[in-house]
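Report on the following structure.
Chains as they are written, first to last, in my numbering: chain G, 11 to 259; chain P, 11 to 259.
Below, the structure is given as structure tokens:
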């Protein structure tokens, strides 16, 4: 029974002989193990399971930082702020979570990592903290899947914009004073965020940069050249491609 | 020390076999407790300790979302991306962490919450998840403190921009598929981010919105009116005030 993780059981404390000592220790340990279950539940929920596993393996070591080529994906809900302002807080959170119940499993099943939630959006990365072959292909496949699932689930009542870029980032554990997060640093992340914003003007649900398209092992059908754009704070224009999930395969 | 048990119960009859089972369970529990220690270390490190405590109290319950007036602070390193590109990944991460070793304790000691790290920046909130009286004052005090400590530590070798805004946000636990984060939703957050970006053009290390200044119980000396600005995607201009940490008290 204990093997199955029932840490609520306590043995009666008996006398102050050896067995009594053992039983009392047992009960204290049971309390400790019950807390472990709660910690595991909270830890597993609040941190990516894959990242948690890598952290537990490494013990106290943290990632000191490494350059990696990755594919970065931003997913955002269209027009969420006015919707949230007109609705109850609980409903706004429930709506976001209904979306993220689609986004997170789609990313994780494809070998990606949901790095953080940013208001009504999410930042996902493919290729960090763990290696992923064909990370650009994985990201594009996930974007198409998300758009399909969102359309099926919300029937136009909720629309997303997705921006995808490929490039070299610094991945590492960032923070201080007892608060650390696995974080990506680099322009490739900013470009993905800007390209996601650009979906509002191009009207595409999914926009890929040329760097992402170049990184694809298999180019999907349904790519539409949307030309080159100068992004805020960047000198070199970025060429972007719309992807229609309905025609893509 | 053991005699706190239920003496109405009979001493369990322990056979050799039973004792063997007990000992084996003990050993497994020992392993489980060692893992608890690692989990506690990682959990405490990866999640805000205050938030972790509130989560553990609530067990599996998550925050379903609530509207709160808060003060939001963005801290960002100036010109970090070119610096990071010219240096080793480990050095970039070490440099960020040297900053966050200043930022995080300053925020936490003032009753605030470091919500997330975003590349070379951090988002801190005062007034969520826990109540904080005079959250605007706390945020401004922390900003002045951070600027002073950064100047003392880096002597101009690293400069930060800080944007602060006060307003109502939806605070809640956002996510899905086993990945959840405490997140703020609302325009007040976006405005703080835009105002932080604006420090690059006004040349101030710290910029406060009028909403923040209005929320202050005590107005600091050293406030400089920088006029009203239309922020991207907003219809109403936002008036901002520079704050010189050297003259503020």
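Where is the CB? At the ideal position from N, CA and C, for every residue including glycine.
Terminal residues of the beta strand (DSSP E) in which residue i lies
i, result
"residue 6/P", "Lying before the first or after the last residue shown, residue 6/P is absent from chain P, which here runs from 11 to 259."
"residue 189/G", "189–195"
"residue 80/G", "76–87"
"residue 233/G", "233–239"
Chain G within 8 Å of residue i, Cβ atoms only
i, result
"residue 127/P", "yes"
"residue 136/P", "no"
"residue 246/P", "no"
"residue 219/P", "no"
"residue 184/P", "yes"
"residue 191/P", "yes"
"residue 254/P", "no"
"residue 107/P", "yes"
"residue 114/P", "yes"
"residue 250/P", "no"
"residue 142/P", "no"
"residue 232/P", "no"
"residue 91/P", "yes"
Local Cβ density within 10 Å of residue i, reported as buried at 16 or more and exposed below that
i, result
"residue 223/G", "buried"
"residue 234/P", "exposed"
"residue 97/G", "exposed"
"residue 89/G", "exposed"
"residue 189/P", "buried"
"residue 71/P", "Residue placement at residue 71/P cannot be trusted, given a pLDDT of 43 that sits under 50; what the coordinates show is reported in the next sentence. It is exposed - the Cβ of residue 71/P has fewer than 16 other Cβ atoms within 10 Å."
"residue 186/P", "buried"
"residue 246/P", "exposed"
"residue 230/G", "buried"
"residue 105/G", "buried"
"residue 163/P", "exposed"
"residue 211/G", "exposed"
"residue 251/G", "buried"
"residue 197/P", "buried"
"residue 143/G", "exposed"
"residue 165/G", "exposed"
"residue 8/G", "Look at the range of chain G in this structure, 11 to 259, and you will see that residue 8/G is not part of it."
"residue 240/P", "exposed"
Neighbour flag for residue i against chain P, beta carbons, 8 Å
i, result
"residue 240/G", "no"
"residue 111/G", "yes"
"residue 168/G", "no"
"residue 163/G", "no"
"residue 139/G", "no"
"residue 158/G", "no"
"residue 102/G", "yes"
"residue 155/G", "no"
"residue 75/G", "yes"
"residue 124/G", "yes"
"residue 82/G", "no"
"residue 226/G", "no"
"residue 118/G", "yes"
Delimiting residues of the alpha helix (DSSP H) encompassing residue i
i, result
"residue 246/G", "Counting along the chain, residue 246/G falls outside any alpha helix (DSSP H), and DSSP gives it neither H nor E."
"residue 224/G", "220–224"
"residue 94/G", "90–95"
Residue from the options with nearest C-alpha to residue i
i, options, result
"residue 192/G", "97/P, 107/P, 91/P and 90/P", "107/P"
"residue 139/P", "101/P, 103/P and 195/P", "195/P"
"residue 75/G", "100/P, 78/P, 251/P and 81/P", "100/P"
"residue 255/G", "124/G, 158/G, 95/G and 94/G", "158/G"
"residue 150/P", "184/P, 243/P, 242/P and 225/P", "225/P"
"residue 145/G", "163/G, 165/G, 118/G and 184/G", "118/G"
"residue 213/P", "116/P, 253/P and 105/P", "253/P"
"residue 228/G", "134/G, 147/G, 85/G and 131/G", "147/G"
"residue 86/P", "238/P, 122/P, 120/P and 127/P", "127/P"
"residue 110/G", "120/G, 166/G and 130/G", "130/G"
"residue 178/G", "112/G, 153/G and 221/G", "221/G"
"residue 115/G", "248/G, 134/G and 103/G", "134/G"
"residue 232/G", "238/G, 218/G, 239/G and 242/G", "218/G"
"residue 175/P", "83/P, 77/P and 103/P", "83/P"
"residue 297/G", "183/G, 182/G and 154/G", "Residue 297/G falls outside the range modelled here, since chain G spans only 11 to 259, and no answer is possible."
"residue 183/G", "79/P, 91/P, 103/P and 81/P", "103/P"
"residue 94/P", "124/G, 181/G and 125/G", "181/G"
"residue 249/P", "236/P, 243/P and 242/P", "236/P"
"residue 200/G", "168/G, 242/G and 216/G", "242/G"
* To do: Could you tell me which uninterrupted beta strand (DSSP E) segments, each at least 3 residues in length, are contained entirely in the region 100–181 of chain P, listed from first to last along the chain?
  => 123–128 and 131–136
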